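Read through the structure below, which is laid out as structure tokens, and then see the notes.
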Amino acid sequence: MKLPGLLPGFLLLSIACNVQKQCMELNATRPSRAVPPVSVTLYYEILCPGCRGFISQQLFPTWTMLQDIMTVTLVPYGNAKELPSVNSPFTCQHGEPECRGNMIEACIIHLTGHSAFQIIYCMESAANVLNAAQPCLQLYAPSVSWARVSSCVTGDLGNQLMHANAVMTRALSPTHTHVPWVTFYGEYTEDNEDKAMSSLFSLVCQLYKGVKPPACNGAPVRLNRSFC
């Protein structure tokens, strides 16, 4: 299969070397099942530069290294609004392409299960998020056809998934004022947001109550924040 030029360079390298699977299987110490993992939920919209940066520079790298002690839930909706119109039930901050992209990612999350985060990262780190959707799906979930995703997006299921994401987003307390909006164990605090935007990796290590994996002993990388 010809690989698209829009994929991140290190992913192309790992695929060419046939080591992607091994790269995702980390040497972290298996945690005690008695200690719950750190639950991270990201409320976002697909074309927000701050959301794309947080996913590609913070959330996915942190999950890659600490997936044994954390869980990630993705809620693509963000600052969208749900409308009573049958023809166009949603309006989005970055226009119709973002509404379509939000629904594509919601359908991918629903249809691909454990492979979803890799696909979403592949899309969000590409030069063009929407154009990356199909090749990223083929790369990480080849058993799921693009036709199934398209059927979800154009059918009732896509609207149902987006409505569920809208309900989850509207239920946030406090009400979200920007995206990315990140909760830990279902709760939002400004302090945790400040820490997450600076170094999510360090925060997850801090919040985990069990024996820290060896990766937590590494030096944190601090990044600048950006919101929509």
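Throughout the sequence shown, residue numbering follows mature numbering (1 follows the signal peptide of the UniProt record, and there is no 0), covering -21 to -1, 1 to 207 in sequence. Ideal Cβ positions, reconstructed from N, Cα and C, are used throughout, including at glycine. Source: prediction; values computed, not measured.
Just to confirm, are residue i and residue j a CB contact at a threshold of 9 Å?
| i | j | result |
| --- | --- | --- |
| Leu186 | Phe163 | yes |
| Cys71 | Ala85 | no |
| Val128 | Leu116 | yes |
Have a look at residue i and residue j and give me their C-alpha separation to the nearest angstrom.
| i | j | result |
| --- | --- | --- |
| Asp173 | Tyr167 | 11 Å |
| Leu21 | Ser130 | 25 Å |
| Cys78 | Phe69 | 7 Å |
| Pro40 | Ala150 | 28 Å |
| Ala111 | Cys101 | 7 Å |
| Ile48 | His155 | 26 Å |
| Gly189 | Val14 | 6 Å |
| Val132 | Glu24 | 16 Å |
| Gly134 | Lys191 | 45 Å |
| Cys30 | Val158 | 7 Å |
| Ile87 | Trp160 | 21 Å |
Out of the options, which has the shortest C-alpha to C-alpha gap to residue i?
| i | options | result |
| --- | --- | --- |
| Met176 | Val132, Val14, Ile34 | Ile34 |
| Tyr119 | His93, Ala126, Leu136, Asn138 | His93 |
| Asn196 | Met44, Ala145, Arg31 | Met44 |
| Ser122 | Met147, Ala95, Gln46 | Ala95 |
| Val108 | Arg149, Val183, Gly80 | Gly80 |
| Leu26 | Ile83, Gln139, Thr50 | Ile83 |
| Pro16 | Ala126, Met141, Thr50, Asn138 | Thr50 |
| Ser178 | Gly32, Gln37, Ala112, Ile87 | Gln37 |
| Glu143 | Trp160, Glu61, Val161 | In the sequence under discussion, the amino acid at residue 143 is Ala, which differs from the Glu named in the question. Here the closest residue by C-alpha is Glu61. |
Around the Cβ of residue i, are there at least 16 other Cβ atoms within 10 angstroms (buried) or fewer (exposed)?
| i | result |
| --- | --- |
| Gly57 | buried |
| Ser104 | buried |
| Glu169 | exposed |
| Ala194 | buried |
Whole beta strand (DSSP E) elements within the region 135 to 169, 3-residue minimum:
160 to 163
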